[in-house]
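Accompanying notes for the structure given below.
Spelled out as structure tokens, the structure:
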């Protein structure tokens with residue numbers, strides 16, 4: 014192969030590697046079907062946007078921490094979940110991140126002491142959560158480097174048949 018063709022091929026291969034490194038690690042979640050339980054869960058979570066983070070909080074009046082928000086949102090839809098993130102990490106079914114759907118729970122490892130954080134996937138590549146003291150309930154991208162590096166798993170709480178509205 015002539016030197017110029019080899020150089021072009023080499024440049025092409027390097028470009029492919031760079032582009033592959035820029036790709037998201039996980040497929041985007043699937044959106045909720047209108048009228049489904051998943052849509053109702055997302056709407057309940059969105060209704061709390063702007064609510065203050067309060068450690069140990071689990072009601073709109075008191076404010077929310079991350080697991081308190083999840084407990085309240087799912088409770089509004091007839092699902093009783095444990096109060097702490099660590100306990101919520103054991104609920105439902107573990108799912109591969111490339112099968113993430115609206116209303117699935119997403120879990121993150123934060124800090125060095127095995128602290129966990131939880132949010133609710135929206136189905137639009139974002140999740141709703143109550144992040145930290147001094148903050149508020151909000152929707153953030155799952156594809157931000159900070160969250161990508163800390164994402165440890167996802168759990169499906171609502172049965173697939175209910176999530177799809179069937």
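Residue numbers (the working numbering): 14 to 179. All C-beta atoms in this analysis are idealised placements derived from N, C-alpha and C, irrespective of residue type, glycine included.
- Per the DSSP secondary-structure output, residue 100 pairs with nothing in a beta bridge.
- Using a C-beta cut-off of 8 Å, the region 130-139 makes contact with the region 104-121, since at least three inter-stretch Cβ pairs fall below that distance.
- Nearest to residue 111 by C-alpha distance, out of 166, 49, 52, is 166.
- Rounded to the nearest whole angstrom, the CA to CA distance from residue 51 to residue 86 is 11 Å.
- Listed in chain order, the non-local C-beta contacts of residue 99 below 7 Å within the same chain comprise 129, local neighbours out to five positions each way being set aside.
- DSSP places residue 116 outside both helix and strand once states are collapsed to three, so it counts as coil.
- In this structure, residue 152 places its C-beta atom within 8 Å of the C-beta atom of residue 62.
- In the DSSP assignment, residue 135 is bridged to no other residue.
- In the DSSP assignment, residue 66 is bridged to 77.
- Within the DSSP bridge table, the entry for residue 107 names 168 as partners.
- Out of 53, 159, 148, 164, the CA that lies nearest to the CA of residue 92 is found in 53.
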